[in-house]
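Participant: Protein chains in written order, with our numbering: chain A, 7 to 342; chain B, -5 to 561; chain C, 114 to 495; chain D, 114 to 495. No residue lacks a Cβ here, since even glycine has one placed at the ideal position from N, Cα and C. Just so you know, these numbers come straight off a predicted model, no measurement behind them. One structure, as structure tokens, below. Some questions next.
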Amino acid sequence: SPEAPSSDTESQADSAPATDQVVNVYSARHYDTDEKLYAAFTDATGIDVEVTEADSAALLERLAREGDQSPADVFVAVDAGRLALADSRDIFQPTDSEILNQRVPENLRHPDGLWFGLTKRARVIVYAKDRVQPDEISNYEELADEKWRGRVVIRSSTNIYNQSLVAALIDALGEEATEAWCEGVVANFARTPQGGDRDQIRAIAAGEGDIGVVNTYYLGQMIASDEEADREAAAKVGIIFPNQGDRGTHVNIAGAGIIKSAPNQANAVKLLEFLTEEEAQRIFSDGNKEYPVVDGIAPPVELEPFGSFKDDPVNASVFGSNAQAALELMDRCGWR
Amino acid sequence: MKMAERTLDGGRLPLLFIGSVTALLVTPVLMIVLQAGADSGDQFRHLASTRLPDYVRNTLWLALGVASTTAVIGVGTAWLVTLLDFPGRSFFRWSLLLPLGIPTYLAAYAYTDLLQFSGPVQTFLRTTFEWTRDDYVFPQIRSLTGAIAILSLAYYPYVYLAARAAFIEQSVCVLEVGKTLGLGPWRRFFRIALPLAWPSVFAGLSLVVMETLAEFGAVDYFAVDTFATGIYRTFMSPVPHALTSAAQLSALLLLPILLLIAAEAFARRRARFFHTSVRYRAQPPERLRGWRAALAVTTCAVPILLGFLVPTVFFVRAHLRSGDSSSIAAFLERAQNSLVLATVASVLAVALALLVTFARRLEPSWANRFLTRIAGLGYAVPGGVIAIGVLIPLSWLDHKIGDLADSWLGISTGLLFTGTIVAVVYGYLTRVMAVSLNLVQAGLTRVQPSLDAAARTLGARPRGVLRRLHLPMLRGSLIAAGLLVFVDVIKELPATMIFRPAGFETLAVRVHELASQERLYEASTGALAIIVAGLIPVAILARTLDRARPGTDTDPDDIPIGAETVT
Amino acid sequence: MSTRRQSNPGIVVEGLSHCFGTSQVLDDISLTVGRGEVCCLLGPSGCGKSTLLRLVAGLEKLQKGRIAIAGKEVASQDSRVPPEKRSIGFVFQDYALFPHLNVRANIAFGIISKTQAERVDRLLEQVDMTDYADAMPHTLSGGQQQRVALARALAPGPMAMLLDEPFSGLDAQLREEVRNVTLDVLRQANVATLMVTHDPHEALVVGNQVIVMATGRVLQMGTPMTVYNHSASLRIAETFGPVNRLNGVVHSGLAVTALGVFQAPTYLSEGAAATVALRPETIRIVPPHDEHVQATVETVTHEGTTICLTVRLPDDTTLVIRDLARQRVTEGEIVHLVVDDHAAMVFERDGHNQATKGVTTSLPPAAVPPYDPESASRTRLR
Amino acid sequence: MSTRRQSNPGIVVEGLSHCFGTSQVLDDISLTVGRGEVCCLLGPSGCGKSTLLRLVAGLEKLQKGRIAIAGKEVASQDSRVPPEKRSIGFVFQDYALFPHLNVRANIAFGIISKTQAERVDRLLEQVDMTDYADAMPHTLSGGQQQRVALARALAPGPMAMLLDEPFSGLDAQLREEVRNVTLDVLRQANVATLMVTHDPHEALVVGNQVIVMATGRVLQMGTPMTVYNHSASLRIAETFGPVNRLNGVVHSGLAVTALGVFQAPTYLSEGAAATVALRPETIRIVPPHDEHVQATVETVTHEGTTICLTVRLPDDTTLVIRDLARQRVTEGEIVHLVVDDHAAMVFERDGHNQATKGVTTSLPPAAVPPYDPESASRTRLR
Ligand SMILES: Nc1ncnc2c1ncn2[C@@H]1O[C@H](COP(=O)(O)OP(=O)(O)OP(=O)(O)O)[C@@H](O)[C@H]1O
Ligand SMILES: Nc1ncnc2c1ncn2[C@@H]1O[C@H](COP(=O)(O)OP(=O)(O)OP(=O)(O)O)[C@@H](O)[C@H]1O
Ligand SMILES: [Mg+2]
Ligand SMILES: [Mg+2]
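Right under this line is the structure:
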């Protein structure tokens, strides 16, 4: 490799040699608030946090290729499906931490403690206040209902949150029923799935669609936004926590696990534990408008008006195990 | 006048050199192809039965659409500013390059934000005419057509550069012959200028097409399913065989590209014989007046307006309203990282390209021609995937070295390449070599073989020919190549993301982070920075292009800059 | 003839001047080429011949003067007909073939008519390139390229033909054949032809008119015989080959020289210094006879058809004599000379000096090869 | 001389053959150029002259044969010295000046030594381009470019010089001067010079040796006088200008023709059909005398130094006669002719046909301009 000499020295430095003063994080999350968290951790423990951010798929490849040489201690993903996949690649080591086990609810962590949820986001139905009555729809299944023909907006099936949602539905309804549902939803699309969750909210506010499906924190962020237009749009929509009557609203997590070959395993545990402390959880919810995983910590103020809700107790790892099926199912229904 | 077909042989050396460079550059692509060989369950069959038809159709239309549009804009404007004279000509001559500086996905964001249903334009229409969504038809920006438009506006400069250089350098004698044979401007254009410029134009077009095929951000944002989006989608999905099936799609995508390369090789075959006269004489541009002039001005103004002004203004406004909150220091650091990386990458890319093409000229054997062609293959593979292709051999190397060091010296080297700048730059090179190779190669076809011959008989060794003849005559091509690479790298994302050392951020990365959180307005700051970073080189490029080519007088207005410029 | 030319001139150039930057390349050129006439341009390298042709073709922007083709004004201060509308053919000094087209396509390029095929074939035959119809230009030899360029210019059948050294790359035989056919075709098609050549012999043989140029000016223009036998100046005389210069003085209308007396032009007053120019072939070696001038043969150069001698007169002037190769002469031999006195050209002596000022193509004596009889003798004569 | 050439040959070419694709361009060429010698290559357009030069220079890959320069083998099947190591100078048919360098820099390109400056100045002077030292190539006229190319090739002081029509773009006067200086310099520097020219006259005057080529083969090689006066074949004879062909039959060692009898070569057996070639200048117009052949003058063409007549014999054969311009002849006049019989060349008749096979540069009779005496007569004579 011709460039080798030019930056050999750098490379030494970069592939952080193991000292107990660092913890290396491979993170698929890119939120500014996270930096705050890591900073706080360093203040609290004197341990530096080296973060490598990239798309989780890429990170996983890199982890896999680096193998036992990998400098990574912790892998952070914004979706349980991804965590499950990582698990299936067998990159995590089990962590048996009292603190973590009692702070993180059963369904939001791996049975053997391979990974733990850190924040919670509910995938809810939003509706145009002026055109839809809150009681017109109360669960995901109804999204397939005739009456929403040409009124549903949602992002593409490439999006991991949708994949997990469908994965959860498969778990709840079985594959046939889910496929039928999926076809119904696709039939109801107001437009080809496009943009992100905010775009769905904007579209509803602007009248391009009447109902849609989004993650709660996007709405929270829009409400808190200093963009006039965003606040207005957010104000025009209401949210419904689906399936309160039965299994509960589909929630997903951002979570993390400790890498098998972690050079700084101890620090890694410290980090995870720190992230579940009240202070850290606050930063998650205030900063990013996500729901804390730890009970008894207040949700983001912007989301308080929508009240508390019952979330689907299914273990997040099914998102991973059903992902393939979900994906192919959406393909078949032509959900772009 | 006469060009000897064979140039002077350099023995085995060229083949060796070209071979190793090409090997280095295409290994990642090969890795992907190999990966495609692995078993992906019935993933692929599934894709083939569900999404593939869409991918093929959209990709085809997109490529065709963008290629034809860029061809028209690029060639048209190039012809105007080169051979005709009208108000603002010399301004347009360089400002037509500006859209290069704007990353497509940002342009996409901007235009979507402006034109989507909830965007200002449509909202304005609705409020002023009290329409509701059903009362009017508004072209859907998030559509194939929209994508074609955006990409064309972003990529036409490649063709423009190519065509312009070609026109300039041929403007000498053959066009004059055309005149004396009774051809009017139009027939001169279609029967002489265009055919002669074609290989260069084709080189430009092939860059455009490859870039289009690899384009993810904008296209995905526009809800158009192409191979690229499909590859990403498959790659990103949390399923066991993700990479393999992504690789299989990529491999599939490579087939048409190989055809493309073959086609270009064919078009280029003739290019070697260009330049029938040793006389370079600037031909005074014909002055346009009245409505013709007006038409010319609009033709040149529109691409700049839509391709550059609109997005830039958009981001400026966004930035002023709510720019990136992160500290200046952090921001400057990112900027610095971007610039350093881009500089290193472009210098390497150009140097390699120059050496490779020169070696190939010394020994234009079939093998060497083929090798130089495929060296640029990486340009057509979506960045994220090629990045994995880079990752595979690098990490393998890391382990081998690591084990050796471990067993021999008993020390642990850690990872020497992955997660270092080395890897990042290597990643870049595998992507952008196509650009520098094409430009330098095309530039070199403008240096008559008989000039090499003359230099050799005057005692210049190949090295001397390179230094004393090609370097000065190619100055423009080289700078142009370097700057195009520079701009490309500034915008590059995937390779940076995967390989960068912990905590290492570039402008593009930053913008991506914010954008991926749908925090467009904050992304605007980084976007502007990228645009500026892209502008500087474009400005430099413009200046070199407008300097007199060797063998001309110095009035920049009727000077052939050709031999020195790019295709 | 001159009247005919007036009546329907093919090419008319009036008061043409041209500058590149500061250097004046053409200076008040005027000339007329009648239809069906061939006019040969002779002149030292760099004197502006190509530029003149380019201006007539409209490839350079006219700066001063006026140009008309086939009675129609094509360029003047205020009007300008673009080249493609001038109905001209142009053979460029550097052939400039279209590299992306094969020979046939190159030739057919300017033809629109349906009859293409056989016309092209005829032209291919005419320039003897039939075997190369499908070759690409870069595979052609210099001469072959030149012939294609010629055929290409002939193809559209223009009204005026501009030839810039169109045969320079051809061997003597082919040159003569192609030249004769081409010019014949042009004459029969009643085309006005302006042709640059570097071969005075060629100019004299094929030209209806010969124009002698130097440093952007027309020195003399007239029929071959006029410019050759009655050159307006020594310099012009020398354009057609070296001449012997004898210094003389005018006495009662005769220029008296070492080689005898010659009729002096009337404008030379009594006692004026004259230069008598004698072409090498006008001095003849004759059987001994005591009233003839005697001279010693110094060098003999065989030139094929002719031999060239340098001989020394008793008074040490050296003369260059050209005679047919059949003359058997050996160096050192004494020969008797006779001059065809009516063939002598008599000029005012210093007139010559003026004439050459500024355009001296002569070399610094140092650089002159002593061993070479011809140029040596000439330079010594100067 | 030949011995000297053997002792230290400048350029040696042995059994050189070359093909482009399928077409054989050079066929078993062998030649030797001694140091300080000038060897002129004559041959029809496209016969392979430039290719030969390119091979010697190493610009084309050698396919078959062997090339040595200054006693050192530079190319053969198994070895190959790159061009820059061959110490050669090359003046290209298309000049190939470096467009990004001005005249001075172009000339200086090949010089490394400190003495650059004045050397370049001397060369500039030598080719009379001092005034253009700082001009860029594209602003030069054809001839000026050619002179720069020449100076550039001379600059490094090579051991062998390859000139491809180096003077074709120069006017007669300048051509002669530049040529003489250049060749003189080369001779004095003991350089072996191989020069392509299209002007037989030039070849005869400046060449120590002349090589006549056709279709890739060497037809004859020897001193100018040999090739001219003792051409090995009719075709070679014609390379130096048109000849009159008389058909004759051999009787007791003499070829009997309408113009008299000529010594036939011994290999012609009794009764063999012979062709007698007479150069136009070997037939002379003489004062009336009844034992001379009489003929009627048909056309008179003035060629400057010479005039060219076509005359018709009683038996209707037409002859071309070239005599010095001083001859006063008018068309229709009856003249008496004498032939310098020792100047006649006698060949086996059909031998000629063989010779020309494949390389006929003659034109279809139809195309031949009837009015042109010279070529007309020639073709009719054929
Ligand atoms: N690169 C090439 N490919 C194929 N044929 C070629 C190539 N170069 C030359 N030829 C052919 O080889 C023959 C000899 O070419 P060459 O240039 O040596 O002729 P030449 O003797 O120099 O003629 P001229 O006096 O017109 O320059 C020509 O018939 C030409 O068509
Ligand atoms: N584009 C130009 N810029 C500046 N000077 C030029 C340009 N073109 C020609 N010249 C100069 O004009 C003069 C005449 O050039 P031109 O080509 O007409 O000469 P020419 O008579 O054709 O000579 P030759 O017989 O050598 O071709 C030359 O001295 C040349 O240097
Ligand atoms: Mg010229
Ligand atoms: Mg040649």
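#1: Return yes when the C-beta of C/G255 is under 7 Å from any heavy atom of ligand 4, and no when it is not.
#2: What are the boundary residues of the alpha helix (DSSP H) that B/T64 is part of?
#3: Helix, strand or coil: which one does DSSP assign to C/I434?
#4: Check whether the Cβ of D/S163 lies closer than 7 Å to any heavy atom of ligand 4, and answer yes or no.
#5: What does the Cβ neighbour count give for B/Y130, buried or exposed, with the cut at 16 atoms within 10 Å?
#6: Put B/V27 into one of helix, strand or coil per three-state DSSP.
#7: Name, in chain order, the residues that DSSP records as bridge partners for B/P297.
#8: Which residue marks the beginning of the alpha helix (DSSP H) containing C/S192, and which one marks its end?
#9: Quick one: using the 10 Å Cβ neighbour count with 16 as the cut-off for buried, is A/W187 buried or exposed?
#10: Contact criterion: CB-CB distance below 8 Å. Does D/P196 meet it with respect to chain B?
#11: So which of D/N321, D/A264, D/M338, D/T339 has the shortest CA-CA distance to D/L236?
#12: What does the Cβ neighbour count give for A/N273, buried or exposed, with the cut at 16 atoms within 10 Å?
#13: Just mark C/H455 as buried or exposed, buried being the case when its beta carbon has 16 or more other beta carbons within 10 Å.
#14: So the beta strand (DSSP E) D/S143 belongs to, where does it begin and stop?
#15: Quick check: the region 275 to 295 of chain D against the region 308 to 323 of chain C, are there 3 or more CB pairs under 8 Å?
#16: What separation, rounded to the nearest whole angstrom, lies between the Cα atoms of B/A523 and B/V307?
#17: Let me confirm a value: C/G471 is counted as buried when at least 16 other C-beta atoms fall within 10 Å, else exposed. Which label applies?
#18: Candidates A/Q287, A/R127, A/F98: which alpha carbon is nearest A/D118's?
#19: Beta-carbon of C/I124 versus every beta-carbon of chain B: anything under 8 Å?
#20: Using the Cα positions of C/C132 and D/V126, report the straight-line distance between them to the nearest angstrom.
#21: Quick one: residues in its chain with C-beta nearer than 6 Å to the C-beta of B/E499, no 5 flanking neighbours on either side, listed in chain order?
#22: Report, in whole angstroms, the separation of the C-beta atoms of B/I26 and B/Y150, which I expect to be a contact under 8 Å.
#23: Please report whether the beta-carbon of D/R265 lies at a distance below 8 Å from any beta-carbon of chain B.
#24: Based on DSSP bridge pairs, tell me the residues matched to C/V374.
#25: Starting from the C-beta of D/R397, find all residues in its chain whose C-beta is less than 6 Å away, skip the five residues before and the five after it, and write them out in chain order.
#26: If you count every other CB in all the chains shown that lies within 10 Å of the CB of C/T419, and 16 or more means buried, which is it?
#27: For D/P427, tell me which candidate among D/G417, D/V433, D/A408, D/V413 has the shortest Cα-Cα distance.
#28: Please identify, using Cβ separations under 7 Å, the residues of the region 377 to 390 of chain D that lie next to chain G, in order along the chain.
#29: What are the boundary residues of the beta strand (DSSP E) that A/L124 is part of?
#30: Any chance the CB of C/A316 is under 7 Å from a heavy atom of ligand 2?
#31: With 16 other CB atoms within 10 Å as the buried threshold, where does C/A230 fall?
#32: Determine, for D/L353, whether the minimum Cβ-Cβ distance to residues of chain C falls below 8 Å.
#33: Could you check if C/D191 belongs to the surroundings of ligand 4, using beta carbon to heavy atom distance under 7 Å?
#34: What does a CB cutoff of less than 6 Å around B/A241 pick up in its chain, not counting 5 residues either side in sequence?
#35: If you measure beta-carbon to beta-carbon, which residues of the region 201 to 215 of chain C are closer than 7 Å to chain B?
#36: If you run the structure through DSSP and keep just helix, strand and coil, what is A/T25?
Facilitator: The short version:
#1: The count along the third sequence starts at 1 and reaches residue 255 of chain C at position 142. Result yes, Cβ under 7 Å from ligand 4.
#2: Against the second sequence, residue 64 of chain B aligns to sequence position 70. Note, B/T64: alpha helix (DSSP H), 46 to 77.
#3: Position 321 of the third sequence, counted from the start, is the residue given in the question as residue 434 of chain C. Taken through DSSP and simplified to helix, strand or coil, C/I434 comes out as strand.
#4: Within the fourth sequence, residue 163 of chain D is the residue found at index 50, counting from 1. The answer is yes for D/S163.
#5: As a working mapping, residue 130 of chain B is identified with position 136 in the second sequence. Exposed: under 16 other Cβ atoms inside 10 Å.
#6: Along the second sequence, read from residue 1 onward, the residue named residue 27 of chain B stands at position 33. Correct three-state label for B/V27: helix.
#7: For the purposes of this step, residue 297 of chain B is taken as the residue at position 303 of the second sequence. B/P297 pairs with nothing; no bridge assigned.
#8: As a first step, residue 192 of chain C must be located in the third sequence, where it is residue number 79. Taken as a continuous stretch (DSSP letters only), C/S192 belongs to no alpha helix (DSSP H), as it is neither H nor E.
#9: Numbered from its first residue, the first sequence carries residue 187 of chain A at position 181. So A/W187 counts as buried.
#10: Stepping through the fourth sequence from its first residue, residue 196 of chain D is reached at position 83. At least one beta carbon of chain B lies nearer than 8 Å to the beta carbon of D/P196.
#11: Counted from its first residue, the fourth sequence places residue 236 of chain D at position 123. Closest option to D/L236, Cα to Cα, is D/A264.
#12: Residue numbering aside, residue 273 of chain A sits at position 267 when the first sequence is read from its first letter. Buried: at least 16 other Cβ atoms inside 10 Å.
#13: For this step, residue 455 of chain C is matched to residue 342 along the third sequence. Under this definition C/H455 is an exposed residue.
#14: Taking the first residue of the fourth sequence as position 1, residue 143 of chain D is located at position 30. First-last of the beta strand (DSSP E) with D/S143: 136 to 147.
#15: Look at the beta carbons and you see the region 275 to 295 of chain D touching the region 308 to 323 of chain C: at least three pairs across the two are nearer than 8 Å.
#16: Stepping through the second sequence from its first residue, residue 523 of chain B is reached at position 529. Stepping through the second sequence from its first residue, residue 307 of chain B is reached at position 313. One C-alpha to the other measures close to 13 Å.
#17: Numbered from its first residue, the third sequence carries residue 471 of chain C at position 358. The predicted position of C/G471 is uncertain, since its pLDDT is 29 and thus under 50; no value can be drawn from it.
#18: Position 112 of the first sequence holds residue 118 of chain A. Checked all of A/Q287, A/R127, A/F98; the closest Cα to A/D118 is A/F98.
#19: Residue 124 of chain C sits at position 11 when you count from the first residue of the third sequence. Interface with chain B (8 Å Cβ-Cβ cutoff): C/I124 is excluded.
#20: Counting from 1 along the third sequence, the entry for residue 132 of chain C is found at position 19. Counting from 1 along the fourth sequence, the entry for residue 126 of chain D is found at position 13. Roughly 49 Å between the two C-alpha positions.
#21: Walking along the second sequence from the start, residue 499 of chain B turns up at place 505. R328, listed in sequence order.
#22: Translated into positions along the second sequence, residue 26 of chain B becomes position 32. Translated into positions along the second sequence, residue 150 of chain B becomes position 156. In fact, because the Cβ distance is near 29 Å, the residues do not count as touching under 8 Å.
#23: Residue mapping note: residue 265 of chain D aligns to position 152 of the fourth sequence, counting from 1. Chain B, which has a Cβ nearer than 8 Å to the Cβ of D/R265, makes this yes.
#24: Locating residue 374 of chain C in the third sequence gives position 261, where the first residue counts as 1. Bridge partners of C/V374: C/V369.
#25: Indexing the fourth sequence from 1 puts residue 397 of chain D at position 284. Sequence-distant Cβ neighbours of D/R397 in its own chain, meaning closer than 6 Å and more than five residues away, are V451.
#26: Position 306 of the third sequence, counting from 1, holds the residue named residue 419 of chain C. Classification of C/T419: buried, given that the 10 Å Cβ count is 16 or more.
#27: Counted from its first residue, the fourth sequence places residue 427 of chain D at position 314. Nearest option by C-alpha distance: D/A408.
#28: Looking at the structure shown, chain G is missing, and the protein chains on hand are A, B, C and D.
#29: One-based indexing of the first sequence puts residue 124 of chain A at position 118. Annotation: the continuous beta strand (DSSP E) that includes A/L124 extends over 121 to 134.
#30: Residue numbering aside, residue 316 of chain C sits at position 203 when the third sequence is read from its first letter. Not so, every heavy atom of ligand 2 lies at least 7 Å from the Cβ.
#31: The residue you call residue 230 of chain C lines up with position 117 of the third sequence. By the 10 Å Cβ count, C/A230 comes out exposed.
#32: Translated into positions along the fourth sequence, residue 353 of chain D becomes position 240. The question names Leu, but residue 353 of chain D is Phe in the sequence shown. Yes, contact with chain C.
#33: In the third sequence, the residue the question calls residue 191 of chain C occupies position 78. No - ligand 4 has no heavy atom lying nearer than 7 Å to the Cβ of C/D191.
#34: As a working mapping, residue 241 of chain B is identified with position 247 in the second sequence. These residues qualify, in order along the chain: I26, Q29, A30.
#35: Residues of the region 201 to 215 of chain C that bring their beta carbon within less than 7 Å of a beta carbon in chain B comprise I201, G202, F203, F205, D207, Y208, A209, L210, F211, P212, H213, in sequence order.
#36: On the first sequence, position 19 is the one that residue 25 of chain A refers to. At A/T25 the pLDDT is 48, less than 50, meaning the model places this residue with poor confidence; the figure from the coordinates comes in the next sentence. Looking at A/T25 - three-state DSSP - the assignment turns out to be coil, as it is neither helix nor strand.
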